[in-house]
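*Asks:*
Protein chains: 4
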Amino acid sequence: MTTRTPRYTGVVPPLVTPLTDDGALDVPSLERLVAAQLEAGVSGLFALGSSGETIYLTDEVRDQVLEVIVRTVAGQVPVMAGCIEPSTDRVVVRARRALALGADALVATAPFYALVSDSEIDRHFRLVRGAVDLPLLAYDLPVCVHTKLSPAMVTTLAQDGVIDGVKDSSGNDVEARQTMLALEQHPTYTHLTGHEVVVDAMLLAGCDGVVPGLGNVDPDGYVRLYTAAREGRWADAKAEQDRLARLFRIVAAADRSTAGGNAAGVGGFKTALALLGVIRSNQVSPPLRRLDEDERKRVAVELEQAGLR
Amino acid sequence: MTTRTPRYTGVVPPLVTPLTDDGALDVPSLERLVAAQLEAGVSGLFALGSSGETIYLTDEVRDQVLEVIVRTVAGQVPVMAGCIEPSTDRVVVRARRALALGADALVATAPFYALVSDSEIDRHFRLVRGAVDLPLLAYDLPVCVHTKLSPAMVTTLAQDGVIDGVKDSSGNDVEARQTMLALEQHPTYTHLTGHEVVVDAMLLAGCDGVVPGLGNVDPDGYVRLYTAAREGRWADAKAEQDRLARLFRIVAAADRSTAGGNAAGVGGFKTALALLGVIRSNQVSPPLRRLDEDERKRVAVELEQAGLR
Amino acid sequence: MTTRTPRYTGVVPPLVTPLTDDGALDVPSLERLVAAQLEAGVSGLFALGSSGETIYLTDEVRDQVLEVIVRTVAGQVPVMAGCIEPSTDRVVVRARRALALGADALVATAPFYALVSDSEIDRHFRLVRGAVDLPLLAYDLPVCVHTKLSPAMVTTLAQDGVIDGVKDSSGNDVEARQTMLALEQHPTYTHLTGHEVVVDAMLLAGCDGVVPGLGNVDPDGYVRLYTAAREGRWADAKAEQDRLARLFRIVAAADRSTAGGNAAGVGGFKTALALLGVIRSNQVSPPLRRLDEDERKRVAVELEQAGLR
Amino acid sequence: MTTRTPRYTGVVPPLVTPLTDDGALDVPSLERLVAAQLEAGVSGLFALGSSGETIYLTDEVRDQVLEVIVRTVAGQVPVMAGCIEPSTDRVVVRARRALALGADALVATAPFYALVSDSEIDRHFRLVRGAVDLPLLAYDLPVCVHTKLSPAMVTTLAQDGVIDGVKDSSGNDVEARQTMLALEQHPTYTHLTGHEVVVDAMLLAGCDGVVPGLGNVDPDGYVRLYTAAREGRWADAKAEQDRLARLFRIVAAADRSTAGGNAAGVGGFKTALALLGVIRSNQVSPPLRRLDEDERKRVAVELEQAGLR
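See below:
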């Protein structure tokens, strides 16, 4: 039996970063997005993650984004700030900004582009944690980082108090299970799944919360799903998840011969949010291309079928 | 709502192939293994899969294995026969042998070693199905085959009556969910998960059954897990799965610097079965190395902790 | 300085396996192909390699192919026989057939589909060599086998007399250089490159010979290239290689959305050979698709630009 | 016949970034390193590449590094500045700094961490080139970037005047050959190989110059190798390359169970340079570990065997 009291639980959407058609940060849209999330009852917000196009933003824009989110949240829920940089010293620069701007926790990946060993990845997290006094979540995202955090490394880092949890977008549910079992006696370890379409399953398997990109579009759905799971109403959780899994088809609206994974995914979420009136434009960052009119129509169809319009 | 009545359900362990210390097929051990499975209440048996070391066996030994299993099962449950060969004509040769030897269904992968397009993989399954009149399951095992069967291809093949289901060892639970949703109206499509440690989760997500290598060692556990899930006792299913997930550590008993994935996995299962007295030897096929005395002790510890000894 | 006297040198094309439109072995075409190769002055022939569609052929057809080649070659050059099977015992079965059918040397890959460690791969080659008394070349083809033979492993196997050389289709020219340097004092080690378009470069780097699939189509070109290199006429070697590199565009004639790597590559070679009148049909093995009329025209254009028609 | 007059030729080492034991930029060491390179007769210098640990450096340190190099070179050879960032806007920020600091050309990779399509990669290079008026080389480094620039994309970008060449560290010599052939009529396209141990081969194959990390340690060797190749003395080129290929073993001095690729590679170069007295310390950036005393001894042995000490 797990005896953990995880530090973070619930639905923690990774916010998209609304842009104007000209590519500038769209502050009013971001404020509306945050407000809509809070109203839906999310437990926290993850700023400057992959869904937030962090990797495409200059440091100046990143600072603006975090400032707006922290100000709008106004302490109602914790704000986790992605500090997504390829190496230790560069993560620390971002982590210090996050601290200064009022974030409640940091999220960092293993080094990327860099060619590092497991022991160097371990050192990376220790150095980041030692440099900035905020809770730290390790972000496991092999599709972007091209290394996978092993259960053994996560376990050691958690037991040593270096990380407070994992934001697990690995899609590797076997290692997720093994990690959660290894840490089931840990007092506060948090395992947040980045899944969008098997969240019911991973909550059953022991995850403490969920960080779904699709939660930008339908936070109410994920809150209902999470609540049903917590109350042991697994059939209800599955039904809600099946509906959300169909809605997730908005990430397949883009023509993939010209749109990469981010344009299709984040671009799909932004297009849905624009159709729903939450944000003004579905613009994305260079060099991504935004969804066109045909693709927008396909997104609209999915929104209708999911009962959102 | 799913309206499927899947063709196959329940626990369908992929049988290991017991060998004598000299490397010959150990028929009495195989008979005992089959008997133990039937006694535990499995719903079917998968012969000549990856756990069965098929890829290491000559055609003569493969025939023997299948003959023994079919004879021992004696029609009590369906026997699925792996026809694991790199290309169409070679799969058909094995499929004809399986038919002749009394198998109830065929299991085949996409071509491997071969460099083929998706449309050629699609043609492969159609040609196999056309050549031998037995139900056909597609075996999705990218770790060995090095291609992943896409939800779109599986959906088309199922809708066209080419395949009756998938034995899904991909570990890609997102595509599993998407495939099951796409086929929820199909009358008989079967989705069998090859997971061992997130079976509770994947049953919640909609899988019809499970083909767990670890089921060789603890079929009773998987039958209990499956039954709990079917009866909606999800907390019980999770508890059983957590126990089995710990037991799965027997695949980590081997020193991985000299044992590859098959030696560690199948070798771990065989070592456990030998310790439990079901089979005589933990011998494996060339060029694999069998687990040594130290590793055997580690397996024994896991068996004890799981309550099996 | 290298002091090796390699066991094999020169141009050793990996023969395609001509099929009739009905898919049967086309013996007269195969005889013509072999004769054309011998006339061009090749130093050896590689039967039943990847270009030979071995992986698609039943054992019966494989035997026929080797029988025809050995009979037609009639001892004029050595015949290397691919024994391409996923595991040790299965390779040995094919190696015994190769010995019985008169092959002069064996070519085998590391295990594939199988999940094995480096020490198990090492054991694999030792067991194969111990079972059949013929020279053995290791076939390094990670695009199909999905493991790479390391310079360290090759060096040990060569020094221990297990392998006589490597047929290197890895495309990893760094490890090729390192392997050749490590074995420069070996009396007979042979490093054959599987390159088609950087053969001049790899002969300069120290390779002893070349096994070019494109040599099916233009053996004279590769013989001229090899001869120029051996005589130190490197500018001539480069010019010939540049011409052959352009000719290699025949493997890009196929529409890759429906033709995989084998259909495009082997299919391109066969289409060229059919256009040149060496073989009758460009048919390929199931589930591959043969090149269509449009693609055939593109191949014809390349043949003309290379001066072959 | 190629009719190109490439914009850049010769030996263009990618400079390491010397650090003090405390991890600060070691300016005098960097000045000595640049001076040693110029004295050896290199044709250009590549600042802030992978060997320069760019990915580990803060923007402030990157600026310092480039300032020192440009000042020390003082116009004697062109200085190419790596602008290694994951996305377009971030590359442009670095490119503007490079222009301001006096670089002669820019080097940028495709986006990384980002999930982009080929057409988005193409747009990336066009946007970077449009933003800063300096010659631009595309840096093809799939081991870090995790995408490969295709010959088709490079050809189009070169023909459209977007890029002036490629710094090719892909190790894919087939695509290198195909790219060079496709652009053989281009007036100024430059193909620089990032190889260290098959440079003779790739110069024969048509490369215009070389960017060898090992050139930090032995620039004289690479200048001799390049000169021999340009003068058609291919046997001399090969002999020099063989010597340098042996010297390259310094990157294998580190214990790879704890040192990743950068620690072993850049760390090996730095250790050699420290032993040669060019730089003071073999310190590397966090989270990399520096080579220890045992490893340093192994590097020393290689230096002696190569005749450098």
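Chains as they are written, first to last, in the numbering used here: chain A, 74 to 382; chain B, 74 to 382; chain C, 74 to 382; chain D, 74 to 382.
All residues carry an ideal CB built from backbone N, CA and C; glycine is no exception.
Give a yes or no on contact between the region 185 to 192 of chain D and the region 331 to 348 of chain A, applying the rule of three or more CB pairs nearer than 8 angstroms.
*Replies:* With a cut-off of 8 angstroms, the region 331 to 348 of chain A and the region 185 to 192 of chain D count as touching, because enough Cβ pairs lie within range.
*Asks:* Report the three-state DSSP secondary structure of glycine 341 (chain A) (helix, strand or coil).
*Replies:* Mapped onto the first sequence, residue 341 (chain A) falls at position 268. Correct three-state label for glycine 341 (chain A): helix.
*Asks:* Measuring only the C-alpha atoms, how far is leucine 121 (chain B) from threonine 127 (chain B)?
*Replies:* One-based indexing of the second sequence puts residue 121 (chain B) at position 48. One-based indexing of the second sequence puts residue 127 (chain B) at position 54. For leucine 121 (chain B) and threonine 127 (chain B), the distance between alpha carbons rounds to 5 angstroms.
*Asks:* Under three-state DSSP, which class holds proline 101 (chain B)?
*Replies:* Residue mapping note: residue 101 (chain B) aligns to position 28 of the second sequence, counting from 1. Helix at proline 101 (chain B).
*Asks:* Cα-Cα, which of C:Gly341, C:Ala181, C:Ala345 is closest to arginine 163 (chain C)?
*Replies:* Here the question's residue 163 (chain C) lines up with position 90 in the third sequence. Arginine 163 (chain C) has its Cα closest to that of C:Ala181, out of C:Gly341, C:Ala181, C:Ala345.
*Asks:* Just curious, the alpha helix (DSSP H) that glycine 288 (chain A) is in, first and last residue?
*Replies:* Counting from 1 along the first sequence, the entry for residue 288 (chain A) is found at position 215. Note, glycine 288 (chain A): premise wrong, no alpha helix (DSSP H); not H, not E.
*Asks:* Taking only runs that begin and end inside the region 219 to 291 of chain A, name each unbroken alpha helix (DSSP H) of 4 or more residues, in chain order.
*Replies:* The region 219 to 291 of chain A contains these whole alpha helix (DSSP H) runs: 224 to 232, 246 to 255, 272 to 277.
*Asks:* Using a C-beta to C-beta distance shorter than 7 angstroms, which residues of chain A count as neighbours of valine 166 (chain D)?
*Replies:* The residue you call residue 166 (chain D) lines up with position 93 of the fourth sequence. Ordered by position in chain A, the residues that pass the 7 angstroms Cβ test against valine 166 (chain D) are Thr131.
*Asks:* At 8 angstroms on the CB atoms, spell out the chain A contacts of threonine 161 (chain D), in chain order.
*Replies:* Working through the fourth sequence from its first residue, we reach residue 161 (chain D) at position 88. Those are Tyr129, Ser358, Pro359, Pro360, listed as they occur along chain A.
*Asks:* Give a yes or no on whether 8 angstroms exceeds the smallest Cβ distance from proline 376 (chain D) to chain C.
*Replies:* The residue labelled residue 376 (chain D) in the question sits at position 303 within the fourth sequence. Per the sequence shown, residue 376 (chain D) should be read as leucine rather than proline. Taking Cβ atoms only, chain C never reaches closer than 8 angstroms to leucine 376 (chain D), which makes this a no.
*Asks:* Give the range of the alpha helix (DSSP H) segment to which valine 164 (chain C) is assigned.
*Replies:* In the third sequence, the residue the question calls residue 164 (chain C) occupies position 91. Valine 164 (chain C) -> alpha helix (DSSP H) spans 161 to 173.
*Asks:* If you scan the region 287 to 332 of chain C from start to end, which runs of the alpha helix (DSSP H) of 4 or more residues do you find wholly inside it?
*Replies:* 292 to 303, 307 to 320, all fully within the region 287 to 332 of chain C.
*Asks:* Please confirm whether threonine 331 (chain C) has its beta-carbon closer than 8 angstroms to some beta-carbon of chain B.
*Replies:* Stepping through the third sequence from its first residue, residue 331 (chain C) is reached at position 258. Yes - at least one Cβ of chain B is within 8 angstroms of the one on threonine 331 (chain C).
*Asks:* Could you name the residues of the region 204 to 226 of chain D whose beta carbon sits closer than 8 angstroms to any beta carbon of chain C, in the order they occur along the chain?
*Replies:* From the region 204 to 226 of chain D, no residue has a Cβ closer than 8 angstroms to chain C.
*Asks:* Could you check the C-alpha separation between glycine 380 (chain D) and leucine 320 (chain B) for me, to the nearest Å?
*Replies:* Stepping through the fourth sequence from its first residue, residue 380 (chain D) is reached at position 307. Stepping through the second sequence from its first residue, residue 320 (chain B) is reached at position 247. Computed Cα separation, rounded: 57 angstroms.
*Asks:* Contact criterion: CB-CB distance below 8 angstroms. Does glycine 334 (chain C) meet it with respect to chain B?
*Replies:* Here residue 334 (chain C) corresponds to residue number 261 of the third sequence, with the count starting at 1. Glycine 334 (chain C) counts as touching chain B.
*Asks:* Using beta carbons (cut-off 8 angstroms, strictly below), is histidine 197 (chain A) in contact with chain D?
*Replies:* By 1-based counting over the first sequence, the position of residue 197 (chain A) is 124. Output row for histidine 197 (chain A): interface = yes.
*Asks:* Got a sec? Which residues, its chain only, sit under 8 angstroms from serine 223 (chain B) by beta carbon, not counting five neighbours each side?
*Replies:* Residue 223 (chain B) sits at position 150 when you count from the first residue of the second sequence. The residues are Asp191, Glu248.
*Asks:* Under 8 angstroms, do alanine 373 (chain A) and valine 290 (chain A) count as touching if we go by C-beta distance?
*Replies:* Taking the first sequence and counting its residues from 1, one reaches residue 373 (chain A) at position 300. Taking the first sequence and counting its residues from 1, one reaches residue 290 (chain A) at position 217. No; because the gap between Cβ atoms is not below 8 angstroms, this pair is not in contact.
*Asks:* By DSSP's criteria, threonine 182 (chain D) is part of a beta bridge. Which residues make up the other side?
*Replies:* For this step, residue 182 (chain D) is matched to residue 109 along the fourth sequence. Paired residue(s): D:Tyr212.
*Asks:* In the DSSP output, what is aspartate 87 (chain A) paired with across the bridge?
*Replies:* By 1-based counting over the first sequence, the position of residue 87 (chain A) is 14. Position check: residue 87 (chain A) holds proline in this sequence, whereas aspartate was assumed. Answer is A:Phe119, bridged to proline 87 (chain A).
*Asks:* Among residues of its own chain, excluding the 5 on either side of leucine 172 (chain B), which ones have a beta-carbon nearer than 7 angstroms to its beta-carbon?
*Replies:* Mapped onto the second sequence, residue 172 (chain B) falls at position 99. Closer than 7 angstroms at Cβ, skipping near neighbours: Val205, Leu207.
*Asks:* Closer than 9 angstroms by beta-carbon distance: list the chain B residues that pair up with glycine 244 (chain A), in chain order.
*Replies:* The residue labelled residue 244 (chain A) in the question sits at position 171 within the first sequence. Near glycine 244 (chain A) (Cβ distances below 9 angstroms), the residues of chain B are Gly244, Asn245, Asp246, Val247.
*Asks:* Do you know how far the Cα of tyrosine 299 (chain B) is from the Cα of alanine 310 (chain B)?
*Replies:* Counted from its first residue, the second sequence places residue 310 (chain B) at position 237. Counted from its first residue, the second sequence places residue 299 (chain B) at position 226. Computed Cα separation, rounded: 7 angstroms.
*Asks:* Looking only at DSSP bridge pairs, what is valine 152 (chain C) linked to?
*Replies:* Numbered from 1 along the third sequence, position 79 holds the residue referred to as residue 152 (chain C). Per DSSP, C:Leu118.
*Asks:* Report yes or no: is there a C-beta of chain C within less than 8 angstroms of the C-beta of aspartate 136 (chain D)?
*Replies:* Against the fourth sequence, residue 136 (chain D) aligns to sequence position 63. For aspartate 136 (chain D), the answer is no, since every Cβ of chain C falls outside 8 angstroms of its Cβ.
*Asks:* Taking glutamine 258 (chain A) as the query, report the chain B residues whose CB atoms sit under 8 angstroms from its CB, ordered along the chain.
*Replies:* As a working mapping, residue 258 (chain A) is identified with position 185 in the first sequence. The contacting residues do not exist; glutamine 258 (chain A) stays about 13 angstroms from chain B at best.
*Asks:* Please report how far the alpha carbon of tyrosine 81 (chain A) lies from the alpha carbon of aspartate 241 (chain A), in whole angstroms.
*Replies:* Looking up residue 81 (chain A) in the first sequence gives position 8. Looking up residue 241 (chain A) in the first sequence gives position 168. Roughly 13 angstroms separates the two Cα atoms.
*Asks:* In this structure, does DSSP put leucine 139 (chain A) in helix, strand or coil?
*Replies:* Here residue 139 (chain A) is taken as the residue at index 66 of the first sequence, counted from 1. Note: leucine 139 (chain A) maps to helix in three-state DSSP.
*Asks:* Buried or exposed: which applies to threonine 76 (chain A), given that a residue is buried once 16 or more other Cβ atoms fall within 10 Å of its Cβ?
*Replies:* Stepping through the first sequence from its first residue, residue 76 (chain A) is reached at position 3. Flag for threonine 76 (chain A) reads exposed.
*Asks:* Give the interface partners of arginine 319 (chain B) over in chain A, defined as CB-CB distance under 9 angstroms, in chain order.
*Replies:* Numbered from its first residue, the second sequence carries residue 319 (chain B) at position 246. Going along chain A in sequence order, the residues near arginine 319 (chain B) (Cβ under 9 angstroms) are Leu254.
*Asks:* Contact check, valine 339 (chain C) vs serine 124 (chain C) under 8 angstroms by CB: the rounded distance?
*Replies:* Here residue 339 (chain C) corresponds to residue number 266 of the third sequence, with the count starting at 1. Here residue 124 (chain C) corresponds to residue number 51 of the third sequence, with the count starting at 1. About 6 angstroms separates the two Cβ atoms, so the contact holds.
*Asks:* Which of the three DSSP states is assigned to leucine 361 (chain C) in this structure?
*Replies:* Residue mapping note: residue 361 (chain C) aligns to position 288 of the third sequence, counting from 1. DSSP places leucine 361 (chain C) in coil when its eight states are reduced to three.
*Asks:* Tell me, please, which residues DSSP counts as bridged to leucine 92 (chain A).
*Replies:* Residue mapping note: residue 92 (chain A) aligns to position 19 of the first sequence, counting from 1. Answer is A:Leu98.
*Asks:* Do aspartate 293 (chain B) and threonine 261 (chain B) have their CB atoms nearer than 8 angstroms?
*Replies:* Locating residue 293 (chain B) in the second sequence gives position 220, counting from the first residue. Locating residue 261 (chain B) in the second sequence gives position 188, counting from the first residue. No. Outside cutoff.
*Asks:* Where do the N-terminal and C-terminal ends of the alpha helix (DSSP H) with valine 201 (chain D) fall, by residue?
*Replies:* To locate residue 201 (chain D), count along the fourth sequence from 1; it is residue 128. Run containing valine 201 (chain D): 191 to 204, per the alpha helix (DSSP H) assignment.
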